[in-house]
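Numbering (the numbering used here), first residue to last: 293 to 470.
All C-beta atoms, glycine included, are put in the ideal place defined by N, C-alpha and C.
Remember, it's a predicted structure, so these values are computed and weren't measured experimentally.
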Ligand SMILES: [Zn+2]
């Protein structure tokens, strides 16, 4: 649910931001987009989100310019983070760190590294090895010591997300154009 408009009309940037990404599924969709999920069916599988809700949230993210809706070149549609969407990364990273600090009793579930040298990212997004402020496309995500593979049926989308890989790298490649 978006907040009542009166709430955001007070010129408060946080209220305006929460109107766009404050709803739980919305931020989960954005997080998955950082992990390279681009297709409707992959978001649906990975998040377990009702399809009608996913349709509505994707529409609103496209309307706000967080995601762009593009052809995948094979008759399908892909949702990709725009520059405006990628600019949400520090917020997503901070919330992930907070969750790891307070809600991951078995250890860190996901490690983020500078892919060029393997250095771990600090909470401010700097590489602990080389000190660089690591650009999002150079961040590698990998399972941490607290990660537990989900039981049950294998899910290729989750498998791809939980394999060491760079952020934004699409988990499904469009078929070769012919
Ligand atoms: Zn580095």
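Fewer than three Cβ pairs drawn from the region 361-378 and the region 400-411 lie within less than 8 Å of each other, which leaves the two stretches out of contact. Note on residue 416: under 16 other CB atoms within 10 angstroms of its CB, so exposed under the neighbour-count rule.
Residue 323 has its alpha-carbon roughly 11 Å from the corresponding atom of residue 316. Residue 320 and residue 355 have their C-alpha atoms some 17 Å from each other. Between residue 327 and residue 431, the beta carbon gap of about 11 Å keeps them out of contact (Cβ cut-off 8 Å).
Where residue 392 is concerned, the enclosing alpha helix (DSSP H) starts and stops at 381-395. Residue 464 is positioned such that its CB atom lies closer than 9 Å to that of residue 334. Per DSSP, residue 463 lies in no beta strand (DSSP E) and is assigned neither H nor E. For residue 311, the enclosing alpha helix (DSSP H) has its first and last residue at 305-313.
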